[in-house]
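S.K.: My structure is below; once you've seen it, I'll send some questions.
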Amino acid sequence: MSLLTLAGMTPQDKYKMIVRDEHVESSDVDEHVDIVAIQTYISSAYRAYELADKYRERGAKIIMGGLHATSLPHEAAQYADAVCIGPAETVWNKILDDFEKGRLCKFYQGECTGSAALVPKPRRDLMNPKAYLLRNTIVTSRGCPHHCDFCYKSTFWGKNYYETRPISKVEEELDDVQDGLVFFLDDNLLANKSYCRQLFHSLKGRGITWQSAASLDVAKDPQYLKEAYESGCRSLFIGFESLSSESMKSVNKNVNAVTDYEEAIRVIHASGIMINSSFVFGFDNDDADIFDRTIEFGIKNKLETASLHILTPLPGTPVFTQMESSGRLLHKNWSLYDVYHAVFQPKRMSPQELEEGHQRTIKEFYSYGSIINRALGTDGALKRMAYNIGLWKVDPLWRAIIKFGLMPHAKEILRGRLLYKDQAQKEKADVFDRIISPSRLQNYNNSTAAA
Numbered sequence: 209m210s211l212l213t214l215a216g217m218t219p220q221d222k223y224k225m226i227v228r229d230e231h232v233e234s235s236d237v238d239e240h241v242d243i244v245a246i247q248t249y250i251s252s253a254y255r256a257y258e259l260a261d262k263y264r265e266r267g268a269k270i271i272m273g274g275l276h277a278t279s280l281p282h283e284a285a286q287y288a289d290a291v292c293i294g295p296a297e298t299v300w301n302k303i304l305d306d307f308e309k310g311r312l313c314k315f316y317q318g319e320c321t322g323s324a325a326l327v328p329k330p331r332r333d334l335m336n337p338k339a340y341l342l343r344n345t346i347v348t349s350r351g352c353p354h355h356c357d358f359c360y361k362s363t364f365w366g367k368n369y370y371e372t373r374p375i376s377k378v379e380e381e382l383d384d385v386q387d388g389l390v391f392f393l394d395d396n397l398l399a400n401k402s403y404c405r406q407l408f409h410s411l412k413g414r415g416i417t418w419q420s421a422a423s424l425d426v427a428k429d430p431q432y433l434k435e436a437y438e439s440g441c442r443s444l445f446i447g448f449e450s451l452s453s454e455s456m457k458s459v460n461k462n463v464n465a466v467t468d469y470e471e472a473i474r475v476i477h478a479s480g481i482m483i484n485s486s487f488v489f490g491f492d493n494d495d496a497d498i499f500d501r502t503i504e505f506g507i508k509n510k511l512e513t514a515s516l517h518i519l520t521p522l523p524g525t526p527v528f529t530q531m532e533s534s535g536r537l538l539h540k541n542w543s544l545y546d547v548y549h550a551v552f553q554p555k556r557m558s559p560q561e562l563e564e565g566h567q568r569t570i571k572e573f574y575s576y577g578s579i580i581n582r583a584l585g586t587d588g589a590l591k592r593m594a595y596n597i598g599l600w601k602v603d604p605l606w607r608a609i610i611k612f613g614l615m616p617h618a619k620e621i622l623r624g625r626l627l628y629k630d631q632a633q634k635e636k637a638d639v640f641d642r643i644i645s646p647s648r649l650q651n652y653n654n655s656t657a658a659a
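For the sequence shown, position 238 matches number 446 in our numbering, and the numbering has no gaps at all.
As structure tokens, this is what we get:
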């Protein structure tokens, strides 16, 4: 969303703006451009540098920003006319002014404190509406109260930074929501209870279904979760990270080290909220049995979905510093720092064992048997099975949906899966269940393979 935020801060009377997202469309722009802002994270760094060289050859000035440029600004500066370190809100006007006067500096240091209040309404009108399942992504806060050693947060925002946006600015964005689906992009939306209760109050009556991220300690307050549900919350991304409390202590994620995972899951589920869990493999206490243990835990506790990653030491984080100083980094090929490759030497298994175990965990967690077992005995079992199959098992279908501009229809189906607001939506969801039945999917996959 950052490029759309930059567009929201850019004077429309001075600049014609074009936004491209290579996740869903080509970045090629035929017409002449004067200034190009590129946002990059670590695994996309080389592609960002390639684009920078391409547009520099055409005479454009390049402004580089994002997580990777903030972590390694001098590397990014080799490919850019200016590098924005940290959040751009406090320096973007200065960058544009310097560009117009032909005196761009090599580095601009954005200030974290106070930046949340400056976040404008993003220019969503510059998005391709047919390319996104969730168009309404909104930020209500920045930073996180926790200080996990493997998280990028400390690199970009600083160790102790956390602040919320004015609720009135969030409400302005909520007023524009037309499809009833919102994803709050906060690292830890529910961290500030008094603020969130204002948000819940504003959400009520809007008919909005929303998802976001939270830390496990939210399970300590069932009433708070009930209020979140009543305001439209139907799914939370929660970082369990590891089943080992020792691993959590070793990377300073103490909130997890002292939490009873199974009880937390029970409380969150009892509130009616689904869990998109996150697990990371490769901590120093992990051995080869961590994969089976995680699969069994997810099935036993009926976790709706899971994001399964290999520990990736991001530049600027304490984990990266520790591994670099101890000689455990295997290389610095940033394109492989993508949470799917082992880029360091694990302590209790080989890099190959880590990668193979990770891939096997994904395959088994999202096998049809696992999906059924995790759904059976729960409220809305068919809904949960369809949610898993639709979002994680049908990659060819999603590629076709994006290619042929059918995302608005998929959005209605997703909303139907999260919340049956009326009979018409339920009927759409039931049709989706029939379309993505396991037997039909198997036939589809077989025909795709044969082609």
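Here a beta-carbon is modelled for each residue, glycine too, at the ideal position from N, C-alpha and C.
1. Given this structure, state the Cα-to-Cα distance separating W542 from L389, to the nearest angstrom.
2. Report the three-state DSSP secondary structure of C159 (helix, strand or coil).
3. In whole angstroms, give me the CA-to-CA distance for F445 and A260.
4. Tell me whether R373 is buried or exposed, calling it buried when 16 or more other Cβ atoms sit within 10 Å of its Cβ.
5. Can you list, in chain order, the residues of its chain whose CB lies under 6 angstroms from that of P523, leaving out five sequence neighbours each side?
6. DSSP state of Q386, grouped into three classes?
7. Using three-state DSSP, classify R442 as helix, strand or coil.
8. Since I believe I518 is in contact with L562 (beta carbons under 8 angstroms), could you give me their beta-carbon distance rounded to a whole number of angstroms?
9. Select from N460, Q386, A472 the residue whose C-alpha is nearest the C-alpha of K428.
10. To the nearest whole angstrom, what separates the beta carbons of C320 and Y369, a pair I think is in contact under 8 angstroms?
11. Roughly how many angstroms separate the alpha carbons of A421 and A399, rounded to a whole number?
12. Quick check on the burial criterion: 16 or more other C-beta atoms within 10 angstroms. Buried or exposed for A637?
13. Rounding to the nearest angstrom, what Cα-Cα distance links C356 and I498 in this structure?
14. Quick check: the segment 238 to 258 against the segment 541 to 560, are at least 3 beta-carbon pairs closer than 8 angstroms?
15. Do you know whose CA, among E532, K269, S362, E379, lies nearest E308's CA?
16. Buried or exposed for S443, going by 16 or more other Cβ atoms inside 10 Å?
17. What does the alpha-carbon distance come out to for the pair E239 and A245?
18. Rounded to the nearest angstrom, what separates D384 and K329 at their Cα positions?
19. Helix, strand or coil for H566 per DSSP?
20. Can you look up S543 in the DSSP assignment and give me helix, strand or coil?
21. Express the C-alpha separation of E438 and D395 in angstroms, rounding to a whole number.
22. Under the assumption that H276 contacts A284 (Cβ atoms under 8 angstroms), give the Cβ distance between them as a whole number of angstroms.
23. Any idea what DSSP makes of K461, helix, strand or coil?
24. Please report the straight-line C-alpha distance between R266 and D242, rounded to a whole angstrom.
25. Just to check my reading of the structure: D387 and R343 have Cβ atoms closer than 8 angstroms, yes? What is that Cβ distance to the nearest angstrom?
26. What are the complete beta strand (DSSP E) segments, minimum 3 residues, inside the segment 220 to 256?
27. Below 6 angstroms CB to CB, which residues in the same chain sit around P554 once its five sequence neighbours on both sides are set aside?
28. If you drop the 5 nearest sequence neighbours on each side, which residues of the same chain put their C-beta closer than 7 angstroms to that of S410?
29. Could you check whether E572 and V503 sit closer than 8 angstroms to each other, using their CB atoms as the reference points?
30. Does the Cβ of P295 have 16 or more other Cβ atoms within 10 Å, making it buried, or fewer, making it exposed?
M.R.: With the structure as the only source:
1. The residue you call residue 542 lines up with position 334 of the sequence shown. The residue you call residue 389 lines up with position 181 of the sequence shown. Take the alpha-carbon of W542 and the one of L389: they are about 34 angstroms apart.
2. Since the first residue of the chain shown is 209 and the last is 659, residue 159 is not available in this structure.
3. In the sequence shown, residue 445 corresponds to position 237, counting from 1. In the sequence shown, residue 260 corresponds to position 52, counting from 1. Each residue's alpha carbon lies about 34 angstroms from the other.
4. Along the sequence shown, one-based indexing puts residue 373 at 165. Buried: at least 16 other Cβ atoms inside 10 Å.
5. Start at 1 with the first residue of the sequence shown, and residue 523 comes out as number 315. Close CB contacts of P523 within its chain, under the 6 angstroms cut and outside five residues either way in sequence, are with S279, L280 (chain order).
6. Residue mapping note: residue 386 aligns to position 178 of the sequence shown, counting from 1. Here Q386 sits in coil by DSSP.
7. Here the question's residue 442 lines up with position 234 in the sequence shown. Under the three-state reduction of DSSP output, R442 falls in the strand class.
8. If you number the sequence shown from 1, residue 562 lands on position 354. If you number the sequence shown from 1, residue 518 lands on position 310. Yes, they are in contact, since the Cβ atoms of L562 and I518 sit about 6 angstroms apart, within 8 angstroms.
9. Indexing the sequence shown from 1 puts residue 428 at position 220. Comparing alpha-carbon positions, the option among N460, Q386, A472 lying closest to K428 turns out to be A472.
10. The count along the sequence shown starts at 1 and reaches residue 320 at position 112. The count along the sequence shown starts at 1 and reaches residue 369 at position 161. With 8 angstroms as the limit, C320 and Y369 qualify as a contact, their Cβ atoms being about 5 angstroms apart.
11. One-based indexing of the sequence shown puts residue 421 at position 213. One-based indexing of the sequence shown puts residue 399 at position 191. The alpha-carbon atoms of A421 and A399 are separated by roughly 10 angstroms.
12. On the sequence shown, residue 637 is found 429 positions in, with the first residue counted as 1. For A637, the pLDDT reaches just 39, beneath the cut-off of 50, and the residue's location in the model is therefore unreliable, leaving the point undetermined.
13. Start at 1 with the first residue of the sequence shown, and residue 356 comes out as number 148. Start at 1 with the first residue of the sequence shown, and residue 498 comes out as number 290. Distance between the alpha carbons of C356 and I498 is about 20 angstroms.
14. A contact exists between the segment 541 to 560 and the segment 238 to 258.
15. Residue 308 sits at position 100 when you count from the first residue of the sequence shown. When only C-alpha atoms are compared, the closest one is K269.
16. What you label residue 443 is simply residue 235 of the sequence shown in a count that begins at 1. It counts as buried.
17. Locating residue 239 in the sequence shown gives position 31, where the first residue counts as 1. Locating residue 245 in the sequence shown gives position 37, where the first residue counts as 1. When rounded, the distance between both Cα atoms is 16 angstroms.
18. In the sequence shown, residue 384 corresponds to position 176, counting from 1. In the sequence shown, residue 329 corresponds to position 121, counting from 1. Roughly 10 angstroms between the two C-alpha positions.
19. Walking along the sequence shown from the start, residue 566 turns up at place 358. Shown here, H566 sits in a helix according to DSSP, grouped into three states.
20. Here residue 543 is taken as the residue at index 335 of the sequence shown, counted from 1. Three-state result, S543: helix.
21. As a position in the sequence shown, residue 395 is number 187, starting the count at 1. As a position in the sequence shown, residue 438 is number 230, starting the count at 1. Whole-angstrom Cα-Cα distance: 21 angstroms.
22. Translated into the one-based positions of the sequence shown, residue 276 becomes position 68. Translated into the one-based positions of the sequence shown, residue 284 becomes position 76. With 8 angstroms as the limit, H276 and A284 qualify as a contact, their Cβ atoms being about 7 angstroms apart.
23. The residue labelled residue 461 in the question sits at position 253 within the sequence shown. If DSSP states are grouped into helix, strand and coil, K461 belongs with coil.
24. Position 58 of the sequence shown, counted from the first residue, corresponds to residue 266. Position 34 of the sequence shown, counted from the first residue, corresponds to residue 242. In this structure, the alpha-carbon of R266 lies about 9 angstroms from that of D242.
25. For the purposes of this step, residue 387 is identified with residue 179 of the sequence shown, where counting begins at 1. For the purposes of this step, residue 343 is identified with residue 135 of the sequence shown, where counting begins at 1. Confirmed, about 7 angstroms.
26. The segment 220 to 256 contains, as complete beta strand (DSSP E) runs of 3+ residues, the segments 243 to 247 (chain order).
27. Numbered from its first residue, the sequence shown carries residue 554 at position 346. The beta carbon of P554 sits closer than 6 angstroms to the beta carbons of G490, L562 from its chain, once the five residues preceding and following it are set aside; these are given in chain order.
28. As a working mapping, residue 410 is identified with position 202 in the sequence shown. Excluding positions up to five away in sequence, the list reads I375, E379, L382.
29. Locating residue 503 in the sequence shown gives position 295, counting from the first residue. Locating residue 572 in the sequence shown gives position 364, counting from the first residue. The displayed chain sequence assigns Ile, not Val, to residue 503. Result yes, Cβ atoms of I503 and E572 sit closer than 8 angstroms.
30. Here residue 295 refers to the residue found at position 87 of the sequence shown. Counting C-beta atoms within 10 angstroms of its own C-beta, P295 has 16 or more neighbours from the protein chains shown and is therefore classed as buried.
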